[in-house]
Amino acid sequence: MSTTAPSEITIDHEPYSGEDAVRLRAVALLSAGLPPRMARTLPLASVAANLTVRNGMGEPLGYGVLSEVADGVLEIQSFFIREDARGAGVGSALLSRLEQVARELGSPALVHAGTPGDADITDTLLRRGYVPIAPFGAHTLVADVVCVSKILV
Numbered sequence: 003m004s005t006t007a008p009s010e011i012t013i014d015h016e017p018y019s020g021e022d023a024v025r026l027r028a029v030a031l032l033s034a035g036l037p038p039r040m041a042r043t044l045p046l047a048s049v050a051a052n053l054t055v056r057n058g059m060g061e062p063l064g065y066g067v068l069s070e071v072a073d074g075v076l077e078i079q080s081f082f083i084r085e086d087a088r089g090a091g092v093g094s095a096l097l098s099r100l101e102q103v104a105r106e107l108g109s110p111a112l113v114h115a116g117t118p119g120d121a122d123i124t125d126t127l128l129r130r131g132y133v134p135i136a137p138f139g140a141h142t143l144v145a146d147v148v149c150v151s152k153i154l155v
């Protein structure tokens, strides 16, 4: 299923292990100043959705990954928009689609755990109605983690 958004973009489900998904995760690490070898691959069973956003020429601009946390709650595990695609509504369109997919999957809420290096996405989520929550799961072991949640039902 595709969603048309600003400037002729599409947002589609794609395999988490697909070539573009792997490449975009490497680009995300490099743009954060980290080597691609630092990539952490999620167990495929925990990936509820992997969405890739593309421009009208089919070039990947970014991605978002939802993973299962507990009790049907999904986490925005990864979210990245290429630097040259930011500021044009691409991230907002992808976030809206992630929320739509989470609702379709029956998730009562979406959560996200970020670090100070993830301030852009955390700030965006707060502006979109997410609220701070206590660290959850493995994130309780991470220093400086900032967790947010949005009720979807």
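Numbering-wise, the sequence shown is residues 3 to 155 according to our numbering.
All C-beta atoms in this analysis are idealised placements derived from N, C-alpha and C, irrespective of residue type, glycine included.
For residue i and residue j, what's the separation of their Cα atoms in angstroms?
i           : j           : result
residue 85  : residue 23  : 16 Å
residue 6   : residue 92  : Because the pLDDT of residue 6 is 43, which lies under 50, any placement of that residue in the model is unreliable, and the question is left without a value.
residue 116 : residue 59  : 32 Å
residue 34  : residue 26  : 12 Å
residue 122 : residue 16  : 24 Å
residue 66  : residue 89  : 17 Å
residue 143 : residue 124 : 19 Å
residue 52  : residue 126 : 20 Å
Put residue i into one of helix, strand or coil per three-state DSSP.
i           : result
residue 116 : strand
residue 64  : strand
residue 33  : helix
residue 107 : coil
residue 49  : strand
residue 80  : strand
residue 25  : helix
So, at 6 Å on beta carbons, what are the nonlocal neighbours of residue i in its own chain, with the 5 sequence-adjacent residues on each side left out?
i           : result
residue 118 : 146
residue 30  : 82
residue 131 : 152
Could you name the residues of the same chain whose beta carbon sits closer than 8 Å to that of residue i, not counting the 5 residues immediately before and after it, in chain order?
i           : result
residue 69  : 44, 48, 49, 50, 76, 77 and 79
residue 154 : 101, 104, 105, 109, 110, 111 and 112
residue 57  : 9, 10, 11, 63 and 87
Using C-beta distances below 7 Å, list every residue in its chain close to residue i, excluding the 5 sequence neighbours before and after it, in chain order.
i           : result
residue 106 : none
Beta carbon of residue i, beta carbon of residue j: below 9 Å?
i           : j           : result
residue 137 : residue 128 : no
residue 81  : residue 97  : yes
residue 20  : residue 72  : no
> So does the stretch 133-151 actually touch the stretch 102-115, counting three or more Cβ pairs closer than 8 Å?
Replying inline: yes
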